[in-house]
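A.B. asks:
Here it is, written out as structure tokens:
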């Protein structure tokens, strides 16, 4: 297994990733967050040299070709200029360095978003965005490719159901324990069931995941909220009278180019026609028998 000398955790929060790392994989890590209070609470791995830094993720302080691996968990949706950040990370990575991250995708909270829009349109004659914008997986792949990363794939995973937020957070914790030396971009759609829309809103406030838009509408009228709750249950409600809330998680991994990495064969160098693909079990030495 490859060992990384220098690692950076962006948006470390309470150290959700760092505490699961070991000196077998990482020698030194920089925990970065824009919140000093979060850095104070951040947990560290006892056998890894750790430095805590107050960092604005949109202006990274790392020199070119100085970092082996960047990791980030559910933080990129707070960044305004994501293309620039991907480029800065790619510049700071050493050749054959890697970015490993997870972030909320475009389908996150689509039930809540559409219910609020329909309710506000009905009661107030128009609507304002009340859910933070999230990137689509297609856009993330394009941005990573444009920023110069290599070896990207996109795979859709299963849909899972959770009865409450605690079960969901346990899922996130388990994800940080997975081996990370592979090259893929995945999506995972997680549904959490709530008694009503108002319990969902309370959980979002507790998570610090309310609307982050600068020009957002400061409040929603009571009538609009009650109408949104009814629309939510009518359009998306479960048979047991609970409502689902979808959280789409995009897992992404991108490598900085290096001469040792696998490269596609030159155009026209193939020796087997795609027309004969059904006979590949009989292929020997590049000829069809």
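Residue numbers (the working numbering): 54 to 342.
We put the CB at the ideal spot given by N, CA and C, even for glycine.
Everything numeric in this text was worked out from a predicted model, so none of it was measured.
1. Per DSSP, what kind of secondary structure is residue 157 in: helix, strand or coil?
2. Consult DSSP for residue 203 and reduce its assignment to one of helix, strand or coil.
3. Rounded to whole angstroms, how far is the Cβ of residue 139 from the Cβ of residue 197, which I believe are closer than 8 Å?
4. Across which residues does DSSP place residue 62 in a beta bridge pair?
5. In the DSSP output, which residue or residues are listed as bridge partners for residue 107?
6. For the alpha helix (DSSP H) that residue 77 lies in, which residues bound it at each end?
7. Which class does residue 147 belong to by DSSP, given the choice of helix, strand or coil?
8. My output table needs one value for residue 141: the three-state DSSP class, helix, strand or coil.
9. Can at least three beta-carbon pairs, one atom from the segment 247 to 259 and one from the segment 126 to 146, be found at a separation below 8 Å?
10. Rounded to a whole number of angstroms, what is the C-alpha to C-alpha distance between residue 153 and residue 93?
11. Looking at residue 186: is its Cβ nearer than 8 Å to the Cβ of residue 244?
12. Quick check: the segment 279 to 294 against the segment 155 to 169, are at least 3 beta-carbon pairs closer than 8 Å?
13. In whole angstroms, give me the CA-to-CA distance for residue 59 and residue 160.
14. Assign residue 283 to one of three DSSP states: helix, strand, or coil.
15. Got a sec? Which residues, its chain only, sit under 8 Å from residue 266 by beta carbon, not counting five neighbours each side?
16. Checking the sheet assignment: what are the DSSP bridge partners for residue 188?
17. Which whole-angstrom value is the C-beta distance of residue 343 and residue 163, which I expect to be below 8 Å?
18. Counting only the same chain and skipping the five closest in sequence on each side, list residues whose C-beta sits under 7 Å from that of residue 122.
19. How big is the Cα-Cα spacing for residue 202 and residue 193?
20. Roughly how many angstroms lie between the CA atoms of residue 72 and residue 179, to the nearest whole one?
21. Please list, in chain order, all residues of the same chain as residue 66 whose beta carbon is under 6 Å from its beta carbon, the five residues on each side excluded.
22. Which residues in the same chain have their Cβ closer than 8 Å to the Cβ of residue 354, if we skip the five residues on either side of it in sequence?
23. Going by C-alpha to C-alpha distance, which of 120, 294, 322, 263 sits closest to residue 146?
24. When the Cα of residue 69 is compared with those of 107, 275, 128, which residue comes out closest?
C.D. replies: Working from what's here:
1. strand
2. strand
3. 6 Å
4. 84, 124
5. 86
6. Careful: residue 77 lies outside any alpha helix (DSSP H) and carries neither H nor E.
7. strand
8. helix
9. no
10. 24 Å
11. no
12. yes
13. 34 Å
14. helix
15. 182, 185, 186
16. 158
17. The chain is shown from 54 up to 342; residue 343 falls before or after that span and cannot be answered.
18. 57, 60, 150, 151, 153
19. 11 Å
20. 46 Å
21. 91
22. For residue 354 there is no data in the structure shown, the boundaries of the chain being 54 and 342.
23. 120
24. 128
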